[in-house]
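Student: Pasting in a structure now, in structure tokens, and then I'll have a few things to ask.
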Amino acid sequence: MKYILLLLTIGLIQVNAVNWALLVSGSNAFYNYRHQADVCHSYKTLIRNGYNPENVIVFAYDDIAQNRQNIYKGAIYNQPNEDGFSENVYDGCVIDYSKTDVNPANFLNVLKGNYDHLPDGHKFINSTREDNIFVYFSDHGSPGLIAFPTSYLYEQELLETFQYMYENDRYNKLVFYLETCESGSMFVNLPTNHRIYALSAANPYESSWGTYCPPDDIVNGKSLGTCLGDEFSVTFLENVDIGDFSQSLQEHFEFIRDNTLKSNVMQWGDVSFTSDTIKDFFWGRRFQEKRKMCSKDAFFMNDENVSRWDSRDNKLLFYQNRYNQTGDLEDFIELENEIKSRAYFDTIFGELQKSLKLKGDYHFALNQKCLKSAIEIFEDKCTKLTDYGLKYVKLFGEMCDSTNLLQVQLNMIVSTLCMTE
């Protein structure tokens, strides 16, 4: 009798358990089209796979679909359609946090379930110890941080949130897929026994890459002039869309790793449950019947011939391509401005490296308080770090760890950079 009651109790827990998903595009501007396309694609995939829409939370600046540079108003595409298939992933994509609400504080409070720290009426993850959580983030990054439109989330802040969730029984198992440059740096200190498993699109010291970039960005016979997706993201999403329930997390990783050709996809954290099937995280708990598997031929799968752009060079290549297509003065000015901006960052950080005799190799800042302060001073006194400028955060990290700087010294060194011609 006790055995029967135990089985009934386990069954009841499984019935009550639900899956949650947090999907985040951290960028804005049309040249970053691919990030919002990735996230809306992931939303549509989860909903098709039986997720309760109330349990899927989406962050996106929402400036792409109606953007003046978008030739298909009200539409976003994550795949080209030379083979006759491409879905408008913006259609039905429910965005919960947009514009200035796309920020690190809201992201962390959604994970923690701190609804009283969120805008009134906004969704949050109201999970229990029985629930699984899937987190997906697509944007720019650098060693030790990932970017939001106007601010940054640092590795230490993310790990502290994970620790809070672990200690407060906020999940059964958590899976995090991260698409940014140097994304591996966010997980180097991820505990291996807290039931949190992560994939990074790149190792801690390399770029991630956009895909379906010009000239492979054709939708309905026209070029959108931008990358439609990111290589890591497109690879894992198109694989999930095939509908193979039997894949384990480990098999899914191996597929993504082998088909992401421009960066090194890596595993992090607790790998003890990678034998679990992807159904446990990419399908809704109430979705009982196996969805009909789609033919692999129905998708324009990634291959070595598809055009890819380094995320650090995306804005430059976007305006080069756009000016070549339009010849417009406005596009020429944007291209010139980007070239000048890159030269500015090259010059001032070259001076920093020279004056402090920094090596300039990859460096993950152990002193994250100093790193955060250096970036804040720089952006206050000089200029905001661009997608390209973020490549030099490693120098701030090396500076912070190799010298015992007082705050006044840090302020003086960073402020001096602004005077560099």
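Note that UniProt numbering has the sequence shown beginning at 1, numbered continuously upward. Think of the CB as a built atom: it goes at the ideal place given N, C-alpha and C, for glycine as much as any other residue. None of these values were measured; they are calculated from a predicted model.
1. At which residue ranges does the segment 107-169 contain complete alpha helix (DSSP H) runs of 4 or more residues, listed in the order of the chain?
2. For the 8 Å Cβ check, are there 3 or more pairs between the segment 29-38 and the segment 263-279?
3. Based on Cα-Cα distance, which residue from Ser42, Glu160, Ser248, Gly141 lies nearest to Tyr152?
4. Compute the beta-carbon to beta-carbon distance between Lys123 and Cys93, rounded to the nearest angstrom, for a pair I have assumed lies under 8 Å.
5. If you draw a straight line from the alpha carbon of Glu334 to that of Asp217, how long is it in whole angstroms?
6. Skipping 5 residues on each side, what residues in its chain have a beta carbon closer than 7 Å to that of Asn28?
7. Could you tell me the alpha carbon to alpha carbon distance between Glu167 and Tyr197, rounded to whole angstroms?
8. DSSP three-state label for Lys292, please.
9. Residues bridged to Asn19 by DSSP?
10. If you drop the 5 nearest sequence neighbours on each side, which residues of the same chain put their C-beta closer than 7 Å to that of Asn16?
11. In the DSSP assignment, find the unbroken alpha helix (DSSP H) run with Glu179 in it and report its ends.
12. Look up Phe364 in the DSSP assignment and say whether it is helix, strand or coil.
13. Just to confirm, are Asp401 and Ala374 a CB contact at a threshold of 8 Å?
14. So that I know if they touch, is there some Cβ in chain C lying closer than 8 Å to that of Leu46?
15. Can the beta-carbon of Asp270 be found closer than 8 Å to that of Arg195?
16. For Tyr115, I'd like the list of residues in its chain whose CB is within less than 7 Å of its CB, leaving aside the five on either flank, ordered along the chain.
17. Measuring only the C-alpha atoms, how far is Thr416 from Glu206?
18. Whole-angstrom Cβ separation of Val240 and Phe282, contact assumed at under 8 Å?
19. Given that a residue counts as buried once 16 or more other Cβ atoms are within 10 Å of its Cβ, and exposed if not, what is Ile146?
20. Is Ser138 near Glu179, with beta carbons less than 8 Å apart?
21. Hey, which unbroken runs of the alpha helix (DSSP H) at 4 residues or more fall wholly within the segment 215-277?
22. Is it a yes or a no for the segment 335-347 touching the segment 375-389, going by three-plus beta-carbon pairs under 8 Å?
23. Could you tell me the alpha carbon to alpha carbon distance between Val56 and Leu356, rounded to whole angstroms?
24. Excluding the five sequence neighbours on either side, which residues of its own chain have a C-beta within less than 7 Å of the C-beta of Asn126, listed in chain order?
25. Smallest Cα separation from Ser200: which of Tyr171, Pro191, Ser233?
26. Please report the residue range of the alpha helix (DSSP H) in which Leu410 lies.
27. May I have the straight-line CA-CA distance separating Gln368 from Leu317, to the nearest angstrom?
28. Using 10 angstroms around the beta-carbon of Thr100, count the other beta-carbons present and answer buried if the total reaches 16, otherwise exposed.
29. What are the residues that DSSP puts in a beta bridge with Phe59?
30. Should Arg68 and Cys213 be called a contact, given that it needs their Cβ atoms to be closer than 8 Å?
31. Determine the DSSP secondary structure at Ala201, reduced to helix, strand or coil.
32. Among Leu174, Ile133, Asn203, Leu108, which has the Cα closest to the Cα of Leu158?
33. Considering only residues of the same chain and omitting the five flanking positions on each side of Lys381, which have a CB-CB separation below 7 Å?
Tutor: The relevant details are as follows:
1. 155-167
2. Output reads no: the segment 263-279 does not touch the segment 29-38.
3. On the sequence shown, position 152 is the one that residue 152 refers to. Out of Ser42, Glu160, Ser248, Gly141, Gly141 has the C-alpha closest to the C-alpha of Tyr152.
4. Locating residue 123 in the sequence shown gives position 123, counting from the first residue. Locating residue 93 in the sequence shown gives position 93, counting from the first residue. That pair is no contact at about 14 Å.
5. In the sequence shown, counting from the first residue as 1, residue 334 sits at position 334. In the sequence shown, counting from the first residue as 1, residue 217 sits at position 217. About 21 Å.
6. The sequence position of residue 28 within the sequence shown is 28, counting from 1. By the criterion of a C-beta distance shorter than 7 Å, Asn28 is surrounded in its chain by Tyr61, Asp63, Pro149, once the five residues flanking it on both sides are discounted.
7. Working through the sequence shown from its first residue, we reach residue 167 at position 167. Working through the sequence shown from its first residue, we reach residue 197 at position 197. Their Cα atoms are separated by approximately 16 Å.
8. In the sequence shown, the residue the question calls residue 292 occupies position 292. Because the pLDDT of Lys292 is 44, which lies under 50, any placement of that residue in the model is unreliable, and the number read from its coordinates should be weighed accordingly. In this structure, Lys292 counts as coil in the three-state DSSP scheme.
9. On the sequence shown, residue 19 is found 19 positions in, with the first residue counted as 1. Asn132.
10. Taking the sequence shown and counting its residues from 1, the one referred to as residue 16 is at position 16. Once the five neighbours on either side are set aside, the close Cβ partners of Asn16 are Glu130.
11. For the purposes of this step, residue 179 is identified with residue 179 of the sequence shown, where counting begins at 1. Careful: Glu179 lies outside any alpha helix (DSSP H), inside the beta strand (DSSP E) at 173-179.
12. One-based indexing of the sequence shown puts residue 364 at position 364. DSSP places Phe364 in coil when its eight states are reduced to three.
13. Here residue 401 refers to the residue found at position 401 when the sequence shown is read from its first residue. Here residue 374 refers to the residue found at position 374 when the sequence shown is read from its first residue. No. Outside cutoff.
14. The structure shown contains no chain C; it holds only a single protein chain.
15. Taking the sequence shown and counting its residues from 1, the one referred to as residue 270 is at position 270. Taking the sequence shown and counting its residues from 1, the one referred to as residue 195 is at position 195. For Asp270 and Arg195, yes; Cβs fall inside 8 Å.
16. Looking up residue 115 in the sequence shown gives position 115. Cβ neighbours of Tyr115 beyond the five flanking positions: Phe124.
17. Walking along the sequence shown from the start, residue 416 turns up at place 416. Walking along the sequence shown from the start, residue 206 turns up at place 206. Straight through space, the alpha carbons of Glu206 and Thr416 are spaced by roughly 28 Å.
18. Residue numbering aside, residue 240 sits at position 240 when the sequence shown is read from its first letter. Residue numbering aside, residue 282 sits at position 282 when the sequence shown is read from its first letter. 5 Å between Cβ atoms; contact.
19. If you number the sequence shown from 1, residue 146 lands on position 146. Within 10 angstroms of the beta-carbon of Ile146 lie 16 or more other beta-carbons, which makes it buried.
20. The count along the sequence shown starts at 1 and reaches residue 138 at position 138. The count along the sequence shown starts at 1 and reaches residue 179 at position 179. Yes, these two residues count as a Cβ contact at 8 Å.
21. 231-241, 249-259
22. At 8 Å Cβ cutoff, the stretches touch.
23. Stepping through the sequence shown from its first residue, residue 56 is reached at position 56. Stepping through the sequence shown from its first residue, residue 356 is reached at position 356. Counting only the Cα atoms, Leu356 lies some 47 Å from Val56.
24. Walking along the sequence shown from the start, residue 126 turns up at place 126. So the qualifying residues of the chain are Gly113.
25. The residue labelled residue 200 in the question sits at position 200 within the sequence shown. The shortest C-alpha separation from Ser200 is found at Ser233.
26. The residue given as residue 410 occupies position 410 in the sequence shown. Run containing Leu410: 407-417, per the alpha helix (DSSP H) assignment.
27. Sequence index remark: in the sequence shown, residue 368 carries index 368 (1-based). Sequence index remark: in the sequence shown, residue 317 carries index 317 (1-based). Distance between the alpha carbons of Gln368 and Leu317 is about 32 Å.
28. Position 100 of the sequence shown, counted from the first residue, corresponds to residue 100. Counting Cβ neighbours within 10 Å, Thr100 comes out exposed, since fewer than 16 surround it.
29. Within the sequence shown, the letter at position 59 stands for residue 59. Note: Phe59 sits in a beta bridge opposite Val24, Tyr97.
30. Walking along the sequence shown from the start, residue 68 turns up at place 68. Walking along the sequence shown from the start, residue 213 turns up at place 213. No.
31. For the purposes of this step, residue 201 is taken as the residue at position 201 of the sequence shown. Ala201: coil per DSSP, three-state reduction.
32. By one-based count along the sequence shown, residue 158 stands at place 158. Of the candidates Leu174, Ile133, Asn203, Leu108, the one whose C-alpha sits nearest the C-alpha of Leu158 is Leu108.
33. Within the sequence shown, residue 381 is the residue found at index 381, counting from 1. Answer for Lys381: Val414, Ser415, Cys418, listed in chain order.
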